[in-house]
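Engineer: Chains as they are written, first to last, in the numbering used here: chain X, 2 to 256; chain U, 248 to 979.
Just so it is clear, CB atoms sit at the ideal spot from N, CA and C, and this is done for glycine as well.
The model shown is predicted, which means the values in this text are computed figures rather than measured ones.
1. 8 Å is my cut-off, CB to CB: does residue 331 (chain U) come that close to chain X?
2. Express the C-alpha separation of residue 445 (chain U) and residue 932 (chain U) in angstroms, rounding to a whole number.
3. Assuming residue 411 (chain U) contacts residue 385 (chain U) (C-beta within less than 8 Å), just tell me the rounded distance between them.
4. Distance, Cα to Cα, residue 675 (chain U) vs residue 669 (chain U)?
5. Residues of the segment 776 to 804 of chain U with a CB closer than 9 Å to any CB of chain X: list them in chain order, please.
6. Counting only beta-carbon separations shorter than 8 Å, does residue 488 (chain U) have a partner in chain X?
7. Does the segment 793 to 805 of chain U touch the segment 678 to 697 of chain U, meaning 3 or more C-beta pairs lie closer than 8 Å?
8. Buried or exposed: residue 584 (chain U), going by 16 or more other Cβ atoms within 10 Å of its Cβ?
9. Give me the chain U residues within the contact set of residue 243 (chain X), using Cβ-Cβ distance strictly less than 7 Å, ordered along the chain.
10. Below 8 Å on the Cβ atoms is my guess for residue 660 (chain U) versus residue 707 (chain U); work out the distance and round it to an integer in Å.
11. How should residue 370 (chain U) be labelled, buried or exposed, when 16 other C-beta atoms within 10 angstroms of its C-beta is the threshold for buried?
12. Between the segment 780 to 791 of chain U and the segment 704 to 724 of chain U, do at least 3 Cβ pairs fall closer than 8 Å?
13. Ordered along the chain, which non-local residues of its own chain (more than five positions away) have a Cβ less than 6 Å from that of residue 716 (chain U)?
14. With DSSP as the reference, label residue 499 (chain U) as helix, strand or coil.
15. Cβ of residue 599 (chain U) less than 8 Å from any chain X Cβ?
16. Quick one: which residues of the segment 897 to 915 of chain U get their C-beta closer than 7 Å to a C-beta of chain X? List them in chain order.
17. Relative to the C-alpha of residue 36 (chain X), which candidate in X:153, X:61, X:131 has its C-alpha closest?
18. Taking residue 231 (chain X) as the query, report the chain U residues whose CB atoms sit under 8 Å from its CB, ordered along the chain.
19. Determine, using beta carbons only, whether residue 25 (chain X) comes closer than 8 Å to chain U.
20. Helix, strand or coil: which one does DSSP assign to residue 572 (chain U)?
21. Can you give me the Cβ contacts of residue 557 (chain U) inside the same chain, cut-off strictly under 6 Å, excluding the 5 residues immediately before and after it?
22. Do the CB positions of residue 188 (chain X) and residue 63 (chain X) come within less than 8 Å of each other?
23. Return the chain-ordered list of same chain residues with a C-beta closer than 8 Å to the C-beta of residue 610 (chain U), the five sequence neighbours on each side being excluded.
24. Count the other CB atoms, across all protein chains shown, that sit within 10 Å of the CB of residue 804 (chain U); report buried if there are 16 or more and exposed otherwise.
25. Comparing C-alpha positions only, which one of U:271, U:924, U:355 sits nearest to residue 433 (chain U)?
26. Grab me the residues of residue 546 (chain U)'s own chain with a C-beta within less than 6 Å of its C-beta, minus the 5 sequence neighbours each way, in chain order.
27. Of the residues that make up the segment 64 to 97 of chain X, which ones have a beta carbon closer than 8 Å to any beta carbon in chain U?
28. At 4 residues or longer, and completely inside the segment 684 to 719 of chain U: list those alpha helix (DSSP H) runs for me, N to C.
29. Kindly give me the distance between the Cβ atoms of residue 136 (chain X) and residue 170 (chain X), rounded to whole angstroms, as I take these residues to be in contact under 8 Å.
30. Please tell me whether residue 158 (chain X) has its Cβ less than 8 Å away from any Cβ of chain U.
31. Skipping 5 residues on each side, what residues in its chain have a beta carbon closer than 6 Å to that of residue 272 (chain U)?
32. If you measure between the beta carbons of residue 618 (chain U) and residue 567 (chain U), is that distance less than 8 Å?
33. Look up residue 484 (chain U) in the DSSP assignment and give the residues it is bridged to.
34. Should residue 124 (chain X) be labelled buried (16 or more other beta-carbon atoms within 10 Å of its own) or exposed?
35. Kindly indicate the opening and closing residues of the beta strand (DSSP E) around residue 755 (chain U).
36. Can you give me the C-alpha to C-alpha distance between residue 68 (chain X) and residue 127 (chain X), rounded to a whole angstrom?
In structure tokens:
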């Protein structure tokens, strides 16, 4: 460190967690802007323990693989609490119909998204699809003017860090994702791939098997999660003109 | 001398009617006595006497005595007051010759009423040849047509003739106007215009006669300068090198273009393409390398103040790692249509493990083009934002001297906090630290982990930069997780936010500071959580608008947006070397405190400081800055603790008036000829004709020849005698 007295990035993301002054708040310099996947509790939805832990682990994969700082503390936020506005990213995971959100929840969701927050809706049981459908329905109540649109493989989400050609999670799922787009930015991502399921661990091993691709698919799922985190942190940075010639060349080489 | 006149108040009509009646009556008497009656002679004589007496009683003739005098004619002497008259004549300067000629004329025409006026491009100014204070106001041009029109419109005695003392290079009437038009324009009043030609021959002079541009100057875009070079007075200029430079503060002038003009014994225009990288007022020098025999070195260069506009702010945003703070700044920058953003974020370090076999096919990362960015492309940016990036780890160190020079030459710099910013990023002791508005500590912790809420300083409350944030949030600011360790502010810098607990010696540590560094500006923001203004519980109350207000202000100030300047500084008139220079200062609304105006010469460290106190509520302040030498200058106004407002300006030696030193004696001769006047050299002013004097009546006395009652009595007696004689002659 060239003789300079300073803390390493990883020290910030791990060792200093013990200094947390208040639940849900960053506790060190450089921490306030670190990525964290907070879990959203809304309606009648329920996130199982393994996937709740996966949300917290998301940051560790980001920190290990990229220069981005992350925080692994687990936090569950509600749509009708002010704590929702402490950070701009939340994950809403579930397997069942969430029912109808209360008026205050819809209002909170609307304000969160209009302020610039990003929400990932991760269906833990995409074969059933009840969670995904109900989440779309309730989000449409919050942003009725912005129905979901399809994000093609050319979207910046698939090149924010890794070069990917499709989304994957615990299941292979559809080759595209849907999103609510406001302005130039996707503010809600609808995943029908159980991404948290692919990241979830139980003890020393993985919590759920990945189908049908096994470890390779899990690695791609982790890469997709990293890309989502990078999209949250950099928005459409990789769409900048300076990157275009490089990325075109690399895509061509990969094929 | 006396004259006869009728009684005052008697109209000619009444007098004529009375005379007619009396004549008719006398004729009737002659008719009556025609038949040779006795005593007819007496009747006729008495009738004539009666007519005379009655006529006298009616007309009451008076004697009028008048006395007159001869006054000298009113003559106007118009002396050219353009600063062009400071150019050389055959002997001395033209102004000296003109004033000597005017003095000689006034002495010679001591019997006349000689009014001496100075004329330039404005109104006529009465001159007193004995009082130098009346002679000092020089103008840019010589508008003779306007001066003559104003003279003609003056009330009082009409001018009988005009004498113009000049070198003949009038802005009006123009060089191209023909004799007929001259006669129509100047000769219509019938007043002869004599001319005195103060100089006949052009001095040996090579000069930059004119510099013009095609279109407006826009930063980063080529601008063509049309440079006209002239040679006169027998000087031959086959090859005249021309160079264009930009004068900058605290550094040598930067050469922008070079060329060669070939005016020969006339003039030639060359086009030089320049690209000015910085927006705002920029002082440009166009200079020629004149031949040795050149007698007027002052016009070998012109200084222009170009108002360089900016189509879009071209901004380089470099971040050491992606965070919510980086995200928010990028979203704001990308959402601003007036910003052309080039961004580079470090997404991977050597210690990261992306778990890939082939970086080039599995990752979307590109190498950080540090060399290209900070060498060839650097001048193309209006501002650079360094956000939490380690100068050593990412090999920025070798480029920091160039980055510092970029700021001093007019670039903008914002360093945004984070663990790898300021001292934490290896910037302490680097050349870049010298252009930051705060010192950087080289020892101790590079940052502090304590959570705090920044506090506004007095300057922060007064600064328009933070006006938008304060409008939305008042004194409230979000809580920040830690802060960079910043040192005390550099001289001339302003602290807007400070740390409520951390101190440097006796004073609070700066958190947000602004500074002027040479020609450029820089901002130090020692926190990494301004995104809390966009997305947080506090931001939710204002829909995140305080974030945009903060960065609008910071970037606006960096780019010299007038909305974020603390007041306005302007010159009351163009600055001319050696002549009084005055400024008009407009402090920001509600500002109070000492107003300090500092004038600094561009390119040199010399500095003149003036201090003026602002009277409470005074909206304007006029400041005389004395007489400046030729060159480019930067004037800075500071009101109390608010950030300074800057005006860059050029101070020329003679300015446009000196650009073409050739006199135009031919035009003076044509003007004289067209108006019936005479054109002479200063040595021959005695040949100018003085108009005839004017006769004026100074006394008139009227007195009755005979008192009216005598006329009445005589008329009654004469009529009575006539009546008696008529009776005796047997008439009715």
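Structural biologist: This is what the structure holds:
1. Position 84 of the second chain, counting from 1, holds the residue named residue 331 (chain U). Not an interface residue.
2. Taking the second chain and counting its residues from 1, one reaches residue 932 (chain U) at position 685. Taking the second chain and counting its residues from 1, one reaches residue 445 (chain U) at position 198. Going from the Cα of residue 932 (chain U) to the Cα of residue 445 (chain U) covers about 11 Å.
3. Within the second chain, numbered from 1, the residue matching residue 411 (chain U) stands at position 164. Within the second chain, numbered from 1, the residue matching residue 385 (chain U) stands at position 138. The Cβ separation is near 17 Å, so there is no contact.
4. On the second chain, residue 675 (chain U) is found 428 positions in, with the first residue counted as 1. On the second chain, residue 669 (chain U) is found 422 positions in, with the first residue counted as 1. Cα to Cα, residue 675 (chain U) sits roughly 7 Å from residue 669 (chain U).
5. Going along the segment 776 to 804 of chain U in chain order, one finds 776, 778, 779, 781, 782, 783, 784, 785, 786, 787, 790, 791 with a Cβ nearer than 9 Å to chain X.
6. Counting from 1 along the second chain, the entry for residue 488 (chain U) is found at position 241. Closer than 8 Å: no.
7. no
8. One-based indexing of the second chain puts residue 584 (chain U) at position 337. Burial call: exposed.
9. Locating residue 243 (chain X) in the first chain gives position 242, where the first residue counts as 1. Within chain U, the residues near residue 243 (chain X) are 589.
10. Taking the first residue of the second chain as position 1, residue 660 (chain U) is located at position 413. Taking the first residue of the second chain as position 1, residue 707 (chain U) is located at position 460. That pair is no contact at about 20 Å.
11. If you number the second chain from 1, residue 370 (chain U) lands on position 123. Exposed.
12. yes
13. Residue mapping note: residue 716 (chain U) aligns to position 469 of the second chain, counting from 1. So the list reads 793, 796, 797, once near-sequence residues are dropped.
14. What you label residue 499 (chain U) is simply residue 252 of the second chain in a count that begins at 1. DSSP places residue 499 (chain U) in strand when its eight states are reduced to three.
15. Taking the second chain and counting its residues from 1, the one referred to as residue 599 (chain U) is at position 352. True, the Cβ-Cβ gap to chain X drops below 8 Å.
16. Listed in sequence order: no entries.
17. As a working mapping, residue 36 (chain X) is identified with position 35 in the first chain. Residue X:61 is the option with its Cα nearest to residue 36 (chain X).
18. Within the first chain, numbered from 1, the residue matching residue 231 (chain X) stands at position 230. Correct list: 569, 594.
19. Within the first chain, numbered from 1, the residue matching residue 25 (chain X) stands at position 24. At residue 25 (chain X) the pLDDT is 48, less than 50, meaning the model places this residue with poor confidence; the figure from the coordinates comes in the next sentence. For residue 25 (chain X), the answer is no, since every Cβ of chain U falls outside 8 Å of its Cβ.
20. Working through the second chain from its first residue, we reach residue 572 (chain U) at position 325. Helix, per DSSP.
21. The sequence position of residue 557 (chain U) within the second chain is 310, counting from 1. Only 466, 526 meet the Cβ criterion.
22. What you label residue 188 (chain X) is simply residue 187 of the first chain in a count that begins at 1. What you label residue 63 (chain X) is simply residue 62 of the first chain in a count that begins at 1. No, these two residues do not count as a Cβ contact at 8 Å.
23. Within the second chain, numbered from 1, the residue matching residue 610 (chain U) stands at position 363. Only 595, 601, 603 meet the Cβ criterion.
24. Residue mapping note: residue 804 (chain U) aligns to position 557 of the second chain, counting from 1. Looking at its Cβ environment, which holds 16 or more other Cβ atoms inside 10 Å, residue 804 (chain U) is buried.
25. As a first step, residue 433 (chain U) is located in the second chain; it is residue number 186 there, counting from the start. Ranking U:271, U:924, U:355 by Cα distance to residue 433 (chain U) puts U:924 first.
26. Residue mapping note: residue 546 (chain U) aligns to position 299 of the second chain, counting from 1. For residue 546 (chain U), where only same-chain residues beyond five positions count, the Cβ hits under 6 Å are 454, 905, 906.
27. 65, 66, 67, 68, 69, 70, 83, 84, 86, 87, 88, 89
28. 705 to 709
29. Counted from its first residue, the first chain places residue 136 (chain X) at position 135. Counted from its first residue, the first chain places residue 170 (chain X) at position 169. At roughly 15 Å, the Cβ-Cβ gap does not stay under 8 Å, so residue 136 (chain X) and residue 170 (chain X) are not in contact.
30. Along the first chain, one-based indexing puts residue 158 (chain X) at 157. With 8 Å as the cut-off, residue 158 (chain X) does not count as an interface residue toward chain U.
31. Position 25 of the second chain, counted from the first residue, corresponds to residue 272 (chain U). The answer is none, since no qualifying residue turns up.
32. Working through the second chain from its first residue, we reach residue 618 (chain U) at position 371. Working through the second chain from its first residue, we reach residue 567 (chain U) at position 320. Residue 567 (chain U) sits away from residue 618 (chain U), with the two beta carbons spaced by 8 Å or more.
33. Indexing the second chain from 1 puts residue 484 (chain U) at position 237. Residue 484 (chain U) is bridged to U:511.
34. Along the first chain, read from residue 1 onward, the residue named residue 124 (chain X) stands at position 123. Around the beta-carbon of residue 124 (chain X), 16 or more other beta-carbon atoms lie within 10 Å, marking it buried.
35. To locate residue 755 (chain U), count along the second chain from 1; it is residue 508. Element bounds for residue 755 (chain U): 754 to 764.
36. Along the first chain, read from residue 1 onward, the residue named residue 68 (chain X) stands at position 67. Along the first chain, read from residue 1 onward, the residue named residue 127 (chain X) stands at position 126. Approximately 32 Å between the Cα atoms of the pair.
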